[in-house]
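Data first, discussion second: the structure below is written as structure tokens.
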Amino acid sequence: MIQTAEASTTGQDSFTLRPPTEEDIPALVALFNDCAEEEVGARPATAEEIRLGWEDPGFDVAASSRVAVERNGVIVGHVAAYCSAPYVRNFVSAHVHPTRRGLGLGTLLTQWAEQYAGTFVGRAPADARVTVEGGAVSTFTPAIEFLRDQHYTYVRSFYEMRIELYGPPPAPAWPPGITVRSMIPKQEEEAVYRADVEAFRDHWGFVEQPFEEDFPRWLHYTRNHPHYDPDFYFLALDGDEIAGLSLCLPRDNEDPDMAWVNTVAVRRPWRRQGLALALLHHTFGECYRRGILKVGLGVDASSLTGATRLYEKAGMQIFRQYDRYVKELRPGRDLSTQHVAE
Numbered sequence: 000m001i002q003t004a005e006a007s008t009t010g011q012d013s014f015t016l017r018p019p020t021e022e023d024i025p026a027l028v029a030l031f032n033d034c035a036e037e038e039v040g041a042r043p044a045t046a047e048e049i050r051l052g053w054e055d056p057g058f059d060v061a062a063s064s065r066v067a068v069e070r071n072g073v074i075v076g077h078v079a080a081y082c083s084a085p086y087v088r089n090f091v092s093a094h095v096h097p098t099r100r101g102l103g104l105g106t107l108l109t110q111w112a113e114q115y116a117g118t119f120v121g122r123a124p125a126d127a128r129v130t131v132e133g134g135a136v137s138t139f140t141p142a143i144e145f146l147r148d149q150h151y152t153y154v155r156s157f158y159e160m161r162i163e164l165y166g167p168p169p170a171p172a173w174p175p176g177i178t179v180r181s182m183i184p185k186q187e188e189e190a191v192y193r194a195d196v197e198a199f200r201d202h203w204g205f206v207e208q209p210f211e212e213d214f215p216r217w218l219h220y221t222r223n224h225p226h227y228d229p230d231f232y233f234l235a236l237d238g239d240e241i242a243g244l245s246l247c248l249p250r251d252n253e254d255p256d257m258a259w260v261n262t263v264a265v266r267r268p269w270r271r272q273g274l275a276l277a278l279l280h281h282t283f284g285e286c287y288r289r290g291i292l293k294v295g296l297g298v299d300a301s302s303l304t305g306a307t308r309l310y311e312k313a314g315m316q317i318f319r320q321y322d323r324y325v326k327e328l329r330p331g332r333d334l335s336t337q338h339v340a341e
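Under numbering that gives the first Met the number 0, the first residue of the sequence shown is numbered 0, with each subsequent residue one higher.
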């Protein structure tokens, strides 16, 4: 049974796990940034984004996360488990302060999260495989070795890709009949969400989630993100239908001078017509017009739809690699997308 507070003594250090509170946010910002600075040389964490995650309508902060506190009251670790219907792919994110590694704290936090994720196994479809997943920057050896020591198996890599715009990008070559404009806020969110989900059914690891649970979360992260600007939600339309989309933020926490593309997606009937490349060029052009000369995005390194090759064709380059690791909680039928169905 998962306890509200647990004590663990490892060597000379004693840690207590408890649910985080609003008063912990400044300490968590410092913890996340100290970890990120060691891993990637940046300090991107903000109080606003922590609150954004905590206010996710599908996330229970008190149940799903813990802070690790020393006897002197200092927070030196944090873990969160993200479990949502149909509970077949669950995710763990753990942080241990660089000065507290090697004391068993990472193991304590990860095992707590795995135990918590395990409470949802019975809610997954009876024949389904259930996993818990974690990840790390591919060059950060301590995290990679830790995941392997915890019996996680490498499963996939993902790239962060970037481009610097030294001049006006190529004009988009739209397929016949396609027009482009920005999303109309509070009128088109559901249509955009449904088009996004439909397109991403062909992406590795996709698992269908109940609309009544997933859409409110999508809406929350869209409307409440501190950098949200509906002008940067670009829709490619064929008549009244959304053929493709590029959903962007005009700035990124790691690099405030860079725009971030959350999603580039094209629905199946409009693929192989150059629409994705046109959407990218339109996105680059709109950023350039506004004086934003750097653009970044994330992509599956082995994309089933060839997205990596597309981004390279558009002039983007790999900036960083993240590796995904998985541990099986229950064997069974894999409900996630593993290949593109014809």
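For every residue, glycine included, the Cβ atom is placed at its ideal position computed from N, Cα and C.
DSSP three-state label for residue i, please.
i: Gly117; result: helix
i: Arg17; result: strand
i: Glu5; result: Caution applies to Glu5, whose pLDDT of 42 falls short of 50 and renders its modelled position unreliable; the value that the coordinates give is listed next. DSSP places Glu5 in strand when its eight states are reduced to three.
i: Ser64; result: strand
i: Thr304; result: coil
i: Gly331; result: coil
i: Glu22; result: helix
i: Phe31; result: helix
i: Gly40; result: coil
i: Phe318; result: strand
i: Gly243; result: strand
i: Tyr227; result: coil
i: Val339; result: coil
i: Arg70; result: coil
i: Gly105; result: helix
From residue i to residue j, what distance separates their C-alpha atoms?
i: Asp23; j: Val95; result: 15 Å
i: Gly295; j: Tyr192; result: 21 Å
i: Tyr158; j: Ile241; result: 27 Å
i: Ile1; j: Arg17; result: Only weak support exists for where Ile1 lies, its pLDDT of 35 falling under 50; the value from the coordinates is given anyway. Those two C-alpha atoms are separated by around 11 Å.
i: Glu212; j: Gly52; result: 15 Å
i: Leu279; j: Asp201; result: 19 Å
i: Thr3; j: Ala41; result: Any reading at Thr3 must be qualified, since the residue scores a pLDDT of 33, below 50, and its modelled position is unreliable; no value is offered.
i: Phe210; j: Asp299; result: 24 Å
i: Leu276; j: Asp148; result: 41 Å
i: Thr9; j: Gln208; result: With a pLDDT of only 47 at Thr9, under the threshold of 50, the placement of this residue in the model should not be trusted; the figure read from the coordinates follows. Looking at the two C-alpha atoms, the distance is approximately 40 Å.
i: Glu5; j: Leu102; result: In this prediction, Glu5 has a pLDDT of 42, which is less than 50 and means its spatial position is unreliable; what the coordinates show is noted afterwards. About 16 Å.
i: Asp230; j: Gly273; result: 23 Å
i: Val154; j: Leu146; result: 12 Å
i: Leu104; j: Phe14; result: 8 Å
i: Thr138; j: Asp322; result: 9 Å
i: Asn71; j: Leu30; result: 16 Å
i: Ala62; j: Pro19; result: 10 Å
i: Gly121; j: Ala80; result: 16 Å
Over what stretch of residues does the beta strand (DSSP E) that includes residue i continue unbroken?
i: Tyr153; result: Thr152 to Glu163
i: Asn223; result: It is not in any beta strand (DSSP E) - Asn223 instead sits in the alpha helix (DSSP H) that spans Phe210 to Asn223.
i: Thr262; result: Met257 to Val265
i: Phe139; result: Per DSSP, Phe139 belongs to no beta strand (DSSP E) and is neither H nor E.
i: Phe90; result: Arg88 to Val95
i: Glu187; result: Run containing Glu187: none; DSSP gives neither H nor E here.
i: Leu296; result: Lys293 to Asp299
i: Gly52; result: First-last for Gly52: Ala46 to Trp53, but that is the alpha helix (DSSP H), not the beta strand (DSSP E).
i: Arg288; result: That residue, Arg288, is in no beta strand (DSSP E); its alpha helix (DSSP H) goes Leu274 to Arg288.
Taking the CB atoms as reference points, tell me whether residue i and residue j lie closer together than 9 Å.
i: Ala313; j: Ile177; result: no
i: Gly133; j: Tyr324; result: yes
i: Leu27; j: Val66; result: yes
i: Glu197; j: Trp217; result: no
i: Cys286; j: Pro249; result: yes
i: Leu244; j: Tyr165; result: no
i: Glu48; j: His219; result: no
i: Ala366; j: Asn252; result: The structure shown does not extend to residue 366, since the chain is modelled only from 0 to 341, so the question has no answer here.
i: Gln320; j: Ser92; result: no
i: Ala135; j: Glu38; result: yes
i: Phe318; j: Met160; result: yes
i: Phe199; j: Phe205; result: yes
I'd like the list of long-range same chain contacts for residue i, defined as Cβ closer than 8 Å, with 5 residues on each side in sequence excluded.
i: Glu327; result: Arg128, Val129 and Thr130
For residue i, I'd like the list of residues in its chain whose CB is within less than 7 Å of its CB, leaving aside the five on either flank, ordered along the chain.
i: Gln337; result: Trp203
i: Gly117; result: Leu328
i: Met182; result: Val191, Pro229, Tyr232 and Leu234
i: Pro169; result: His280
Near residue i, which residues of its chain fall below 6 Å by C-beta distance, leaving aside the five closest residues on each side in sequence?
i: Gly331; result: Asp126, Ala127 and Arg128
i: Arg99; result: Val75
i: Phe119; result: Cys82 and Tyr86
i: Asn261; result: Leu246
i: Arg50; result: none
With a threshold of 8 Å, establish whether the CB of residue i neighbours any heavy atom of the ligand GTP.
i: Phe145; result: This structure lacks the ligand GTP; in fact it carries no ligand of any kind.
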